[in-house]
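K.L.:
Here it is, the structure in full.
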Amino acid sequence: MTNQQIEVKHLSVNYYNHSAIRDISFSVQEGTIVGVIGPNGAGKSTLMKAMLGLEKSGGDVSYFGKNIQSMRKKIAYVPQRNTIDWDFPVRVEDVVLMGRFVHIPWYKRASRYDRDCAREALDKVGMGTYANRQIGELSGGQQQRVFLARALAQDADLFFLDEPFVGIDVQSEEIIVNILHELRNDGKTMFIIHHDLSKVEKYFDQLVLLNQVLIQAGAVRDVYKPKFLKEAYQENAAIIKEGNEMVVVGP
Amino acid sequence: MIGNIEMFFYQLMNYPYLQNALLAAVLVGIICGVIGCFIILRGMALMGDAISHAVLPGVVLAYMVGASFFVGAVITGVLTALAIGFISQNSRIKEDSAIGIMFSAMFALGVVMITALQGTSVDLWHILFGNVLAVSQTDLYITMGIGAFVLIVILVFYRPLLLSTFDETMAKATGLPVKWIHYMLMLLLSFVTVASLQTVGIILVVAMLITPGSTAYLLTERFSVMLLLSAIFGVISAVLGLFFSVIYDVSSGASIVLVASVIFIFTFFFAPKQGLVFKWLRTPKKESLSS
């Protein structure tokens, strides 16, 4: 029987004597959208980087029984928007083509097929007509869609998205959420850092709620509860119950 | 002016040393222009300055022991890059401070060594500011070798270089050895500095790295085009600079750098999209507040 789980065991990261995340363990099934949530400074990005093997960490992460090094080509990463230099001289199509780089041998040029893949991904996020634009000319939501297209072009199994819903328009959000659901239905697994608590139920299947230590992980309905949220956000979130609906205010 | 051009061509035809000089300057223009694009986009302009200054003690040491100055320069250049990385990663010192500490220390060391060696054939002025007219046949071969090596490396590693420059985290996530790419660039930078030693000299190398690339940056939206334009501006600066240097009998390196700077300033104001003048023209007039 093949292992279809992603398992994180006792993952810890220390920065200069203080711990950023401590002893985090959880597991997720293949084909889920996992929201990584928690307040500012909770170590969400650190957790993601540690899972990607980009941060010195204690503990163990396994992807379907394999370690990260053998999964590299199968991992797509969508960066937080403020980490990108938007003046960089690349066009939209160049960025999407970067997703194909892992598949092109060093001695070859990008093939017709690679370009078609990039093109297709770009059309899928509704940005086909912007192929020749410099990336800085786009709106926030459009930029996010271009980076999602890059991840699609890569044809990965695992997707790591860092705050994809920050500062984007409604239309872009709609498109991105639909694509994520499609990917999920194709059996892909996504980890998505999400900063606030809005629309958590709409976006994700599972949640990893943390504040340096793991508060709770599991299905959204099991984790998205006032008790756990209060524990994670302390005084920074107000939770109001309105009949059957729970409304979380802030942070 | 026509007379000057004729004179330049006449001299070019008749003096092999001038042919060597022109060829060396053109090569340096190309490789500095290309490497410079990476330096600019990685925000490493200061690093470029540092490496170029740091080769000085290596060059002097090589003269002292009679080795090729090429070897000495590359060793101290790479050592400095490693030391800068070591300091900034193992203390709270920020990278730009680490760069400042290391490159002034290395440069001072070089100057002390030269002044201690008074009476030898090491000419501080020529190392610092270049003397393209003294390029020997051997120097030219070294420059050609370096140029070919640098261009081939960039061609082969174009995609990893581009990706790690544009999006370091994705580069790491997909398994690129980002750290090694950084040190490879530092190595290339040391090579380029050595190749430029006689053309523009240690002090002004950074201008050849940064200025043509910056000019290109203002003119294009594609990285590959930026590389090409940068090399072209490097070559134009080299040829015109050498021309003025011969005609007016002024320092060749400084003359080359000045041409590059003039091209940059012109582009800064008149580039079609990024130029200041057209930006002004496009800015809609402020509407009066009362309306």
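If you read the sequences in order, they're chains E and B.
The numbering of the first sequence is this note's numbering, which starts it at 723 and goes up by one.
The numbering of the second sequence is this note's numbering, which starts it at 49 and goes up by one.
Glycine included, every Cβ here is placed at the ideal spot set by N, Cα and C.
1) Just the C-alpha distance for residue 239/B and residue 804/E, rounded to the nearest angstrom, thanks.
2) Using a Cβ-Cβ cutoff of 7 Å, what residues of the region 266-295 of chain B are near chain E? List them in chain order.
3) Give the range of the alpha helix (DSSP H) segment to which residue 292/B is assigned.
4) Who are the Cβ neighbours of residue 850/E in its own chain at under 8 Å, not counting the five residues just before and after it?
5) Counting pairs of beta carbons, one from the region 765-777 of chain E and one from the region 930-948 of chain E, are three or more of them closer than 8 Å?
6) Quick one: which chain E residues come within Cβ less than 7 Å of residue 220/B?
7) Could you tell me which residues DSSP pairs with residue 913/E in its beta bridges?
8) Could you tell me whether the Cβ of residue 214/B comes closer than 7 Å to any Cβ of chain E?
9) If residue 273/B and residue 289/B are in contact, beta carbons under 8 Å, what's the gap, nearest whole angstrom?
10) For residue 976/E, which of helix, strand or coil comes out of DSSP?
11) With residue 175/B as the anchor, note down where its alpha helix (DSSP H) starts and where it stops.
12) Less than 7 Å separating the beta-carbons of residue 954/E and residue 760/E?
13) If the cut is a Cβ gap below 9 Å, which residues of chain E does residue 330/B touch?
14) Quickly, what does DSSP pair residue 729/E with across the bridge? List them, please.
15) For residue 811/E, would you say it is in contact with chain B, using Cβ-to-Cβ distances shorter than 7 Å as the test?
16) For residue 217/B and chain C, any beta-carbon pair shorter than 7 Å?
17) Taking only the alpha-carbon atoms, compute the straight-line gap between residue 279/B and residue 942/E and give it to the nearest angstrom.
18) Quick check on residue 116/B: buried or exposed, where buried means 16 or more other Cβ atoms within 10 Å of its Cβ?
19) Counting only Cβ-Cβ distances shorter than 7 Å, please list the residues of the region 200-214 of chain B near chain E, keeping chain order.
20) For residue 911/E, go through chain B and note every residue whose CB falls closer than 9 Å to its CB, in chain order.
21) Counting only the same chain and skipping the five closest in sequence on each side, list residues whose C-beta sits under 8 Å from that of residue 241/B.
22) I'd like to confirm the pairing. Which residues does DSSP put opposite residue 131/B in its beta bridges?
23) Helix, strand or coil, according to DSSP, for residue 853/E in the structure here?
24) Judging by CA-CA distance, which residue of 901/E, 925/E, 873/E is the nearest neighbour of residue 794/E?
25) Applying the criterion that 16 or more other CB atoms from any shown protein chain within 10 Å of the CB defines a buried residue, is residue 327/B buried or exposed?
26) In whole angstroms, give me the CA-to-CA distance for residue 200/B and residue 771/E.
27) Going along chain E, which residues have a C-beta under 7 Å from residue 89/B?
28) In terms of alpha-carbon separation, which member of 752/E, 773/E, 756/E, 753/E lies closest to residue 743/E?
29) Need the endpoints of the alpha helix (DSSP H) that residue 899/E sits in, please.
30) Given that a residue counts as buried once 16 or more other Cβ atoms are within 10 Å of its Cβ, and exposed if not, what is residue 68/B?
31) Tell me the start and end of each unbroken alpha helix (DSSP H) in the region 188-227 of chain B that is at least 4 residues and wholly inside, in chain order.
32) For the putative contact between residue 244/B and residue 76/B, defined by C-beta atoms under 8 Å, what is the C-beta separation to the nearest angstrom?
33) Report back the beta-carbon spacing between residue 233/B and residue 84/B to the nearest angstrom; my notes put them in contact at under 8 Å.
34) Do you know offhand how far residue 142/B's Cα is from residue 54/B's?
35) Could you give the first and the last residue of the continuous beta strand (DSSP E) run that contains residue 106/B?
36) Mapping the DSSP letters down to three states, classify residue 932/E as helix, strand or coil.
P.N.:
On the basis of the coordinates in this document:
1) Counting only the Cα atoms, residue 804/E lies some 34 Å from residue 239/B.
2) Flagged, chain order: 268, 269, 270, 271, 274.
3) Residues 271-296.
4) Spatial neighbours of residue 850/E in its own chain (CB-CB distance under 8 Å, excluding positions within 5 residues in sequence) are listed in chain order as 841, 844.
5) Three or more Cβ pairs closer than 8 Å define a contact, and the region 765-777 of chain E meets that threshold against the region 930-948 of chain E.
6) Simply 776.
7) Listed as beta-bridge partners of residue 913/E by DSSP are 756/E, 882/E.
8) Contact of residue 214/B with chain E is assigned, a C-beta pair being separated by under 7 Å.
9) Incorrect: roughly 24 Å between the Cβ atoms, too far for contact.
10) A query on residue 976/E cannot be resolved here, the shown segment of chain E reaching from 723 to 973 and no further.
11) Counting along the chain, residue 175/B sits inside the alpha helix (DSSP H) bounded by residues 172-177.
12) Against a cut-off of 7 Å, the Cβ pair of residue 760/E and residue 954/E comes out as a contact.
13) Taking the beta carbon of residue 330/B as reference, no residue of chain E falls within 9 Å; the closest one sits roughly 14 Å away.
14) As computed with DSSP, residue 729/E is found in a beta bridge with 749/E, 784/E.
15) Closer than 7 Å to some Cβ of chain B, the Cβ of residue 811/E qualifies, so yes.
16) Looking for chain C here will not work: the only protein chains present are E and B.
17) If you take the alpha carbons of residue 279/B and residue 942/E, they lie about 55 Å apart.
18) In the assembly as shown, residue 116/B is an exposed residue. Its beta-carbon has fewer than 16 other beta-carbons within 10 Å.
19) Against chain E - using a Cβ distance shorter than 7 Å - the residues of the region 200-214 of chain B are 204, 207, 211, 214.
20) Simply none; closest approach about 15 Å.
21) The beta carbon of residue 241/B lies closer than 8 Å to those of 99, 100, 103, 121, 125, 250, 253 in the same chain, with the five residues before and after it left out.
22) According to DSSP, residue 131/B bridges with nothing at all.
23) Here residue 853/E carries a coil assignment [DSSP, helix/strand/coil].
24) It is 873/E whose Cα lies nearest to the Cα of residue 794/E.
25) An exposed status is given to residue 327/B, since fewer than 16 other beta-carbon atoms sit within 10 Å of its beta-carbon.
26) Rounded to the nearest whole angstrom, the CA to CA distance from residue 200/B to residue 771/E is 33 Å.
27) Per Cβ cutoff of 7 Å: 810.
28) Comparing C-alpha distances from residue 743/E to each of 752/E, 773/E, 756/E, 753/E shows the shortest one belongs to 773/E.
29) Segment 892-907, the alpha helix (DSSP H) holding residue 899/E.
30) Around the beta carbon of residue 68/B, 16 or more other beta carbons lie within 10 angstroms, which makes this residue buried.
31) The qualifying runs are 206-214, 216-221.
32) About 5 Å separates the two Cβ atoms, so the contact holds.
33) Not confirmed; about 11 Å, so no contact.
34) Approximately 53 Å, taken between the alpha carbons.
35) No beta strand (DSSP E) contains residue 106/B, which is instead part of the alpha helix (DSSP H) from 93-113.
36) Strand, per DSSP.
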